[in-house]
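In the working numbering, the protein residues as written are 462 to 607. Step one of this worksheet: look at the structure below.
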Amino acid sequence: MSQAKTNARRCAVQALYRWQMSGCGIGRIEIDFNEEDHLKGAQKSYFSEILHGVPSQLDVIDSALTEFVDRPVEKIDPVERAILRLGVYELINRLETPYKVIINESVNLAKYFGAEGSHKYVNGILDKIAQKLRAGEITSKSGKSE
Numbered sequence: 462m463s464q465a466k467t468n469a470r471r472c473a474v475q476a477l478y479r480w481q482m483s484g485c486g487i488g489r490i491e492i493d494f495n496e497e498d499h500l501k502g503a504q505k506s507y508f509s510e511i512l513h514g515v516p517s518q519l520d521v522i523d524s525a526l527t528e529f530v531d532r533p534v535e536k537i538d539p540v541e542r543a544i545l546r547l548g549v550y551e552l553i554n555r556l557e558t559p560y561k562v563i564i565n566e567s568v569n570l571a572k573y574f575g576a577e578g579s580h581k582y583v584n585g586i587l588d589k590i591a592q593k594l595r596a597g598e599i600t601s602k603s604g605k606s607e
């Protein structure tokens, strides 16, 4: 697993949080992150993919979340919501990345950014979604790494 990708995910969570809270356009947020040098050490192309991909697939992502969360998606803590949306985006679109890597990265993001214990919530939700979206991978137990 590459540190540059981990850093891209970390920046993407911050950018998605900002998008959710401010309603600011994705393009403006991306420009700001580039200008403010937040992306140093991050894989910029992956950051950009996530930042544009999550909003463009929001209906599909939130629909997947709705099936397994205990409240309306909009009522989930905004930090956890950004992390969950990123995780679901990757589960759907990054089939070459093992589901365990995606969940682990998301849990680490929740430990870093979220409230105490939020990593357990993120882990539980993404694990259930992975069981549905990645059933074939889980059954075959393919252990490839990123």
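Just so you know, even glycine gets a beta-carbon here, dropped at the ideal spot from N, CA and C.
Cβ-Cβ distance between Leu545 and Val515 below 7 Å: Not a contact, by the Cβ cut-off of 7 Å.
Segments of 4+ residues assigned as alpha helix (DSSP H) that fall wholly inside the stretch 498-579: Scanning the stretch 498-579 for uninterrupted alpha helix (DSSP H) segments of 4 residues or longer gives 505-517, 519-527, 539-554, 560-574, listed from N- to C-terminal end.
Stretch pair the stretch 571-581 + the stretch 589-597: three plus CB contacts closer than 8 Å: By the Cβ criterion, the stretch 571-581 is not in contact with the stretch 589-597, since fewer than three pairs of Cβ atoms, one from each stretch, lie closer than 8 Å.
Cβ contact (3+ pairs, closer than 8 Å) linking the stretch 549-563 and the stretch 516-530: Contact holds: three or more Cβ-Cβ distances are below 8 Å.
Ser483 in three-state terms, based on DSSP: The answer is helix: DSSP assigns Ser483 an H, G or I state.
Cys485 burial status per 10 Å Cβ neighbour count (16 or more: buried): Answer is exposed; the Cβ neighbour count stays below 16.
Simplified DSSP state of Ser463, which is helix, strand or coil: Shown here, Ser463 sits in coil according to DSSP, grouped into three states, outside any helix or strand.
Proximity of Ala473 and Leu512 at Cβ, strictly below 7 Å: With respect to Leu512, Ala473 sits close: the two C-beta atoms are nearer than 7 Å.
Whole-number beta carbon distance between Ser579 and Asp523, since they are thought to touch under 8 Å: Taking a contact as a CB-CB distance under 8 Å, the pair Asp523 and Ser579 does not count as one, their CB atoms being some 18 Å apart.
Through-space distance from Glu566 to Thr467, alpha-carbon basis: The alpha-carbon atoms of Thr467 and Glu566 are separated by roughly 7 Å.
For Arg595, three-class secondary structure by DSSP: Coil, per DSSP.
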